[in-house]
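Following: one structure in structure tokens, then a few remarks.
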Amino acid sequence: MAKQLGRDQQGITLRGSAEIVAEFFFYGINSILYQRGIYPPETFTRVQKYGLTLLITTDPELKNYLNNVVEQMKEWLYKCSVQRLVVVISSIENNDVLERWQFDIECDRTAKDESAPREKTQKAIQDEIRSVIRQITATVTFLPLLEAALCVISESLGAFDLLIYTDKDLAVPEKWEESGPQFIANSEEVCLRSFTTTIHKVNSTVAYKKDSFP
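Going by my numbering, the letters in the sequence shown line up with residues 28 to 241, in that order.
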């Protein structure tokens, strides 16, 4: 009799890998926005994910925006045409960039020609993602306090700036626009943990503006 493997025992396909990574960005961005106080804490709700209690936005406009980003990222990740996602936090007073959360994405393009799934369990991947999310949460212990921090995105949500680095010949959605890298002058950088699905690998770093006082 044929046996059907449970989801956790199934291998990883290119499409499945794209969905896992895009979903991580949804929860990762939400965690950054909450931990750094970019949106009021009362606009977040608790959910269980990756064996953790995480907070995600209940703000309708932000939620819709992030859902759209995730859907777009799934497609670009599937095509192996996206190399980096960056969350930028700037000062509302002078537009100086205060923090830059950078997620570098490596894609094994040979997966496009493979028919058999790669061997790695969902549990193993989620364990790695859990470590990254925990580090994002722990950053509040060393990152400078943000006062009057606000950023502007291309769709004018008035909350934060989201940069996505893609192949040059990629068709860009109408509401997105080209942007500079928005680097931080006089910054410190901390490397966070990485995770891999065996097809996509995500390396994470956070750069922040050094205190102007000695």
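The beta carbon of each residue, even a glycine, is placed where N, CA and C say it ideally should be.
So the candidates are the options; which of them puts its Cα closest to the Cα of residue i?
i, options, result
"GLU69", "THR164, LEU112 and LEU60", "LEU60"
"ILE47", "ARG157, GLN162 and THR168", "ARG157"
"PRO171", "LEU82, VAL233 and PHE51", "VAL233"
"ILE160", "SER44, PHE130, LYS139 and TYR235", "PHE130"
Rounded to the nearest angstrom, what separates residue i and residue j at their Cα positions?
i, j, result
"PRO144", "ASN121", "49 Å"
"ALA186", "LEU219", "Note that ALA186 scores a pLDDT of 46, beneath 50, so its modelled location is shaky and nothing firm can be said."
"THR148", "GLY38", "6 Å"
"ILE226", "LEU41", "7 Å"
"THR166", "TYR54", "16 Å"
"CYS178", "LEU79", "Bear in mind that the predicted position of CYS178 carries a pLDDT of just 39, short of 50, making it unreliable; the figure below should be weighed with that in mind. Roughly 28 Å between the two C-alpha positions."
"SER221", "ILE56", "16 Å"
"MET194", "SER108", "The amino acid at residue 194 is misidentified as Met; the sequence shows Asp. About 5 Å."
"ASP135", "GLN75", "30 Å"
Taking only beta-carbon positions, decide if residue i is within less than 8 Å of chain D.
i, result
"ILE156", "Absence of chain D from the displayed structure is noted, only one protein chain being present."
Could you spell out the range, first to last residue, of the alpha helix (DSSP H) harbouring residue i?
i, result
"VAL259", "In the structure as shown, the chain starts at 28 and stops at 241, and residue 259 therefore has no counterpart that could be examined."
Do residue i and residue j have their C-beta atoms within less than 8 Å of each other?
i, j, result
"ALA49", "LYS90", "no"
"PHE52", "LEU112", "yes"
What span of residues does the beta strand (DSSP E) with residue i cover, start to end?
i, result
"PHE222", "214 to 223"
"THR232", "227 to 236"
"ASP188", "188 to 193"
Every unbroken beta strand (DSSP E) inside the region 124 to 161 [3 residues or more]: 124 to 134
Please give me, in chain order, every unbroken run of the alpha helix (DSSP H) with length at least 4 that falls completely inside the region 60 to 134. 87 to 105
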